[in-house]
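Before any comments, here is the structure.
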Amino acid sequence: ASKNNQKASVDTCSKIEDKNNCNSKPFCSYNESVAEGDKKCQFNETKAKGNNVPIAKTQNGGAETTKEKCKTEHEKICK
Numbered sequence: 010a011s012k013n014n015q016k017a018s019v020d021t022c023s024k025i026e027d028k029n030n031c032n033s034k035p036f037c038s039y040n041e042s043v044a045e046g047d048k049k050c051q052f053n054e055t056k057a058k059g060n061n062v063p064i065a066k067t068q069n070g071g072a073e074t075t076k077e078k079c080k081t082e083h084e085k086i087c088k
């Protein structure tokens with residue numbers, strides 16, 4: 010998933026004002042504890058993951074550690 014998908018989800022949540030409508034979305038949660046005037050319906054990454062909603066993942070550039078490389082058939086070389 011791309012960051013655009015997550016941004017769209019964040020934007021969708023921030024536009025919802027109704028508590029039930031907010032909580033019915035698989036990626037939004039209604040937060041009653043925020044200050045009045047702040048957006049109460051917010052993107053909830055934990056809820057989104059639990060509902061298999063695509064989320065932008067951080068990439069580490071495909072770096073492979075020595076330990077991971079040693080799990081292959083060349084294990085003798087690594088010791």
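Residue 10 is where the sequence shown starts when you use the working numbering, and the numbers rise one by one after that.
Ideal Cβ positions, reconstructed from N, Cα and C, are used throughout, including at glycine.
Helix, strand or coil at residue i according to DSSP, with G and I counted as helix
i, result
"V62", "coil"
"D20", "helix"
C-beta atoms of residue i and residue j nearer than 9 angstroms
i, j, result
"N1", "S38", "Nothing about residue 1 can be reported from this structure: the residues present for the chain run from 10 to 88 only."
"C22", "K34", "yes"
"K28", "K49", "yes"
Cβ of residue i within 9 angstroms of any chain C Cβ
i, result
"E41", "Protein chain content of the structure displayed is limited to a single chain, and chain C is not contained in it."
Original post:
Along the chain, which unbroken stretches of the alpha helix (DSSP H) at least 4 residues long are found entirely within the region 32–60?
Top reply: 54–59
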